[in-house]
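S.K.: In our numbering, the protein residues as written are 2 to 315. For each residue, glycine too, the CB sits at the ideal point set by N, CA and C. All values reported here derive from a predicted model rather than from experimental measurement. Right, I'll just put the structure down here and ask away after.
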C-alpha cells in the first residue's frame, strides 16, 4: 500500500481493556504518519458507533484501509460494518481475550503491526449471525453462557482474566445442565443435557482448542457438543479439551454446518457471543462466507495455551 492509495481510518475504543494495546496503536499511527500516510483517528462512543464508523470508511472511496483497536466486541462491530467490502481490516488487540486477533496470529507488539502492514497479506474472514446479530468467533450455550453472564453482571469497568475466576467457580458448583436440541443443516444431531459451541475459530479462552478443526475462511461453522449432565462429566471434558483429545471422545459430537439451530424448553439456558452475553433461545445461526478481508501477519500462527496464559500476566 502506498500513501497515494488513500487515507487510513483508525477506530479506537477507549473503553476496551488493555491500555497498552491502545498505546501501541497510537505508536503505529505515528509510524504511518512519519512515512507519509494520512491517518485519521476516530474515537468510538459505543459499540454501535464502532459499526457506524467502520461502515462509513468501507463505503468511502478515498479510504484505503481500516484499523480498529479494541476487544472482541469492538472487532465484531467493525467487521460487521465492513461486511461485503473489499477494503482490508487491520486489528490491534486491546481486550481481555482477543479471540479473533489471537487466531489470526496477532500480539501486542508494534513490530507485528508494522510487519503485517508492510506484508500486505490478506485473508477472507467468514462471519456468523445469531438471530441476526453478527459474530466473528464463537457462540456458546449453557455452562459457558452462564459464566459470561455472571462476569457481565459483576462488571463495573475494565476486566482481566482474574475476573473470571469467581464466576467460573460459582458456575461449576451451581450450573444446571438443562437439555438442548441442536439441528445442523436440517438434521437433528443432539438432544439432551450438555454444552454447545458454534464458531469460526479453533482456539477459545486461554487458547483451548474446543473447535480445533475450525478454519475462519472455509465457509463453514464448526459445532462441538459435549454431552454433559454434571460436574464429573464437566471435569472430564475439561481435561480432555486441555489435552486436545475431546473431539474423538464418544461423549462429544463434532461436526460442521452452515445453518445451525439451538433450542430448548428450559427457559434459563444462557448464551454468549464473542465473550459477551448472547441472544435468548431459540438461536438460529448462519455463516456469511468471506464477508471481510483481514490483513494478517505473514507466517503467523494462532497463539496456544502457554502463550495466552503468559500474556495475561504482562
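1. Can you tell me whether residue 108 is buried or exposed, with buried defined as 16 or more other CB within 10 angstroms of its CB?
2. Within 10 angstroms of its Cβ, does residue 245 collect 16 or more other Cβ (buried), or is it exposed?
3. Short of 8 angstroms in beta carbon distance, which residues of its chain neighbour residue 147, apart from the five on each side in sequence? Order them along the chain.
4. Alpha carbons only, please: which of 166, 167 and 226 is nearest the one belonging to residue 178?
5. To the nearest angstrom, how far is it from the Cα of residue 278 to the Cα of residue 119?
6. Under 9 angstroms between the Cβ atoms of residue 137 and residue 211?
7. Roughly how many whole angstroms lie between the Cα atoms of residue 297 and residue 2?
8. Since residue 59 and residue 180 should fall inside the 8 angstroms C-beta cutoff, what is the C-beta to C-beta distance between them, to a whole number of angstroms?
9. Determine the direct distance from the alpha carbon of residue 113 to that of residue 14, and round the result to whole angstroms.
10. Round the Cβ separation of residue 182 and residue 224 to the nearest angstrom and send it over; I've been treating them as touching at under 8 angstroms.
11. Taking the beta strand (DSSP E) that residue 127 falls in, what are its first and last residues?
12. What beta strand (DSSP E) runs, 3 residues minimum, are completely inside the region 146–220?
13. Reducing DSSP to helix, strand and coil, say where residue 264 ends up.
14. Just verifying my parser: in three-state terms, what is the DSSP assignment at residue 31?
15. Using the beta-carbon count (16 or more within 10 Å), is residue 49 buried or exposed?
16. Assuming residue 221 contacts residue 293 under a Cβ cut-off of 8 angstroms, what Cβ separation, rounded to an integer in Å, is found between them?
17. Should residue 240 go down as buried or exposed, given a rule of 16 or more other Cβ atoms within 10 Å for buried?
18. Hey, how far is the Cα of residue 194 from the Cα of residue 269?
19. Rounded to the nearest angstrom, how far is the Cβ of residue 39 from that of residue 8, given a contact under 8 angstroms?
20. Once you ignore the five residues that flank residue 145 on each side, which residues in its own chain have a CB closer than 6 angstroms to its CB?
21. Once the 5 residues before and after residue 260 are set aside, which same chain residues still bring their CB inside 6 angstroms of it?
22. Do residue 12 and residue 70 have their beta-carbon atoms positioned less than 9 angstroms apart in this structure?
23. Can you give me the Cβ contacts of residue 184 inside the same chain, cut-off strictly under 6 angstroms, excluding the 5 residues immediately before and after it?
24. Could you work out which residue in 88, 99, 122 and 254 is closest to residue 190 when comparing CA atoms only?
25. Is residue 89 helix, strand or coil by DSSP?
26. Under the rule that 16 or more other beta-carbon atoms within 10 Å means buried, what is residue 233, buried or exposed?
27. Would you identify the three-state DSSP class for residue 111, choosing helix, strand or coil?
28. Would a C-beta distance cut-off of 9 angstroms place residue 199 and residue 142 closer than the cut-off?
29. Which value, in whole angstroms, describes the spacing of the CA atoms of residue 23 and residue 89?
30. Taking the continuous alpha helix (DSSP H) assigned at residue 247, which residues delimit it?
31. Of the residues 4, 98, 238 and 47, which one's Cα is nearest the Cα of residue 63?
M.R.: Based on what the coordinates show:
1. buried
2. exposed
3. Closer than 8 angstroms at Cβ, skipping near neighbours: 172, 176 and 271.
4. 226
5. 36 angstroms
6. no
7. Taking the straight line from one Cα to the other gives about 14 angstroms.
8. Incorrect: roughly 42 angstroms between the Cβ atoms, too far for contact.
9. 20 angstroms
10. Not quite, the Cβ-Cβ distance comes to about 13 angstroms (not below 8 angstroms), so this is no contact.
11. 123–131
12. 180–185 and 188–200
13. strand
14. helix
15. exposed
16. About 16 angstroms; that fails the 8 angstroms criterion.
17. exposed
18. 13 angstroms
19. The beta-carbon distance between residue 39 and residue 8, rounded to whole angstroms, is 4 angstroms. This is short enough to meet the 8 angstroms contact definition.
20. Excluding positions up to five away in sequence, the list reads 273.
21. 186 and 287
22. yes
23. 262
24. Of 88, 99, 122 and 254, the residue nearest in Cα terms is 254.
25. The answer is strand: DSSP assigns residue 89 an E or B state.
26. exposed
27. helix
28. yes
29. 20 angstroms
30. Note, residue 247: premise wrong, no alpha helix (DSSP H); not H, not E.
31. 4
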